[in-house]
Amino acid sequence: MKNYKFDKHWYLGFLGVVGFYKFPEIIAYFQGQESIWGLLNLLWFTWFAYFFPEFTKHSK
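Quick note on our numbering: the sequence shown kicks off at 42 and runs consecutively.
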């Protein structure tokens, strides 16, 4: 676990939680019920990626 490092902007991952709120609009786009603007809600999930730690190799 010591080789994992959180991003310094990990708190921005909270913005990604909005993506779960917008998920029904994303599904509606693929069902043909929403415009292309509904698909842009996928961008919220990119912020959610800040919650995931990165694996870093430490040089000896």
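All residues carry an ideal CB built from backbone N, CA and C; glycine is no exception.
These figures come from a predicted structure and were not determined experimentally.
A check of alpha carbon separations from GLY79 across ILE68, HIS50, TRP88, PHE86 identifies ILE68 as the nearest.
The C-beta separation of PRO94 from PHE47 comes to about 5 Å, placing the pair in contact by the 8 Å criterion.
For PHE92, the closest alpha carbon among the candidates PHE71, VAL58, LEU83 is that of VAL58.
Only residues of its own chain outside the window of five on either side were considered, and among them GLU75, GLY79, ASN82 have a CB closer than 8 Å to the CB of GLU66, listed in chain order. Judged by DSSP secondary structure, GLY57 falls outside any alpha helix (DSSP H); it is assigned neither H nor E.
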